[in-house]
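Colleague: Numbering (the working numbering), first residue to last: -13 to 347.
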C-alpha cells in the first residue's frame, strides 16, 4: 500500500477515514498505495507498504497486543452499532439477551513506516469462557511470484478485520492496492458448493445473522428474537443467503473497526465490494447485471461466477423503512458499460475468476 499527496502536515486534522477491508468474511491479500494531491499539483508518494520489512512482519504478529472484551461502552453511534437502539426497539428485551449470550473481543495493531497503517480485528467468544474459538489472523506470506503479501484470514463469519490508515486523510488523495488472491465466496468451477463450503462459508453447523437480523418483519425467520441461534436468518442459503467483502470503502466516521453487517449499510459512502449471492436469493430473475468491460455490454449476474466487483456510492439514509424493517440507503452503481453514470439497480463493474487469479504472478 502507498500514499501519495501534496498537502501540508497541518491539514491532517480532517475526519476522513478510508476503510480497506470491512468485516467479516474470509481472507484477502495485497500490496497498497495511497496518493494525495491538491488542485492540479503533482502527485507525491507519501507512504508505501510492500510487507517485506522485518519490522512490519514483527508488528503484524497478531498475539503482540492483547484481546480486550468489548463492553459496548464507546459505540460509534447509538442507532445501529452492535448494541444499537434500532435493534432494541424492533426486537425488544430479547435482543439484549441474545447480545449478552456471547462476548466480542477486539484489538488493534499499528504497522508500517511510522505506524501509518492500523489493523483492527474482532473475534467472538461464543460461550463466554474467556477463550476465543477462532481468531482472525494477519500474516505475511510469499506469493507465487516470490513477493511478500499480507494475508487476512477470518475463518469465523462473526469475526472481522479492517486495514486502514492510522491518520485521517486530507481532502484529495489517491489510494492503490493490488489484490493477488481471494478466497471467500462465489462459485468455483461453476459450483456454489465446493471444498465442504457453501458460498465460502463452512458447511458445518449453522451460519445465521444472529443477533442482527434483517428486521422482525423480514422474511426467512419467525421475527421472534428469542429463538435459538440456528433459527435466525440463514446466511448460506435462502432469501438472505449471500457473502460479502469490502475491498475498499470510505466511511463517514473516524477510526472504523469491525461491526455488524447492517451498521455499514448507512455509514459507508463510497464502496468497492463483492456481493456473492446464493442462487436461492437470485431466484428466477437476473440477480443484477455484470458489465463486460471488453464488449461494453451487460450480462445477467445469474450467468456469472458470482465473483463480481461493485463500484458504488451511497445516497442519504432512509430512517423510515416501516416497522420491523432496517435503516439503509440508496445505492448508486457505476460501470464502464454506462459511462460511469451512477444508477439504481445492482450493476457490477467487473467479474473476477478466483481460479485464474490464484495462479497469476
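Even glycine gets a Cβ: it sits at the ideal position worked out from N, Cα and C.
#1: Please report how far the alpha carbon of residue 34 lies from the alpha carbon of residue 240, in whole angstroms.
#2: May I have the straight-line CA-CA distance separating residue 209 from residue 40, to the nearest angstrom?
#3: Any idea if residue 214 is buried or exposed, counting beta-carbon neighbours within 10 angstroms, 16 or more meaning buried?
#4: State whether the region 90 to 105 contacts the region 36 to 55, with contact taken as three or more CB pairs (one from each stretch) at a distance under 8 Å.
#5: What does DSSP give as the partner residue(s) for residue 336 in the beta ladder?
#6: Can you tell me where the beta strand (DSSP E) with residue 103 in it begins and where it stops?
#7: Is residue 192 helix, strand or coil when you go by DSSP?
#8: Please report the straight-line C-alpha distance between residue 74 and residue 192, rounded to a whole angstrom.
#9: Examine the Cβ distances between the region 325 to 336 and the region 292 to 302 and report whether three or more of them are shorter than 8 Å.
#10: Measuring CB to CB, does residue 146 end up less than 8 Å from residue 107?
#11: With DSSP as the reference, label residue 327 as helix, strand or coil.
#12: Is the beta carbon of residue 134 closer than 8 Å to that of residue 186?
#13: Have a look at the DSSP bridge pairing and note the partners of residue 121.
#14: From what residue to what residue does the alpha helix (DSSP H) around residue 266 run?
#15: Taking the alpha helix (DSSP H) that residue 353 belongs to, which residues open and close that run?
#16: Count the other C-beta atoms from every protein chain shown that fall within 10 angstroms of the C-beta of residue 229, then say buried if there are 16 or more, exposed otherwise.
#17: Restricting to runs no shorter than 4 residues, where is the alpha helix (DSSP H) found entirely within the region 30 to 79?
#18: My assumption, with CB atoms under 8 Å, is that residue 300 sits in contact with residue 316. Please give the rounded CB distance.
#19: Evaluate contact between the region 230 to 249 and the region 195 to 208, counting only Cβ atoms and requiring at least three cross-stretch pairs below 8 Å.
#20: Can you name, in chain order, every residue of its own chain whose Cβ lies under 7 Å from the Cβ of residue 180, other than the five neighbours on each side?
#21: If you count every other CB in all the chains shown that lies within 10 Å of the CB of residue 66, and 16 or more means buried, which is it?
#22: Helix, strand or coil: which one does DSSP assign to residue 219?
#23: Identify the continuous alpha helix (DSSP H) that holds residue 174 and give its terminal residues.
#24: Under 7 Å Cβ to Cβ from residue 219, same chain only, skipping five residues before and after it: list those, please.
Modeller: So, to answer that:
#1: 21 Å
#2: 51 Å
#3: exposed
#4: yes
#5: 295
#6: 103 to 111
#7: coil
#8: 24 Å
#9: yes
#10: yes
#11: coil
#12: no
#13: Answer is none; residue 121 lacks a bridge partner.
#14: 265 to 268
#15: Past the boundaries of the shown model lies residue 353; the chain is included only from -13 to 347, so the question cannot be answered.
#16: buried
#17: 40 to 45, 71 to 77
#18: 7 Å
#19: yes
#20: 174
#21: buried
#22: coil
#23: Unbroken run through residue 174: none, as it is neither H nor E.
#24: 194, 195, 199, 200, 206, 207, 226
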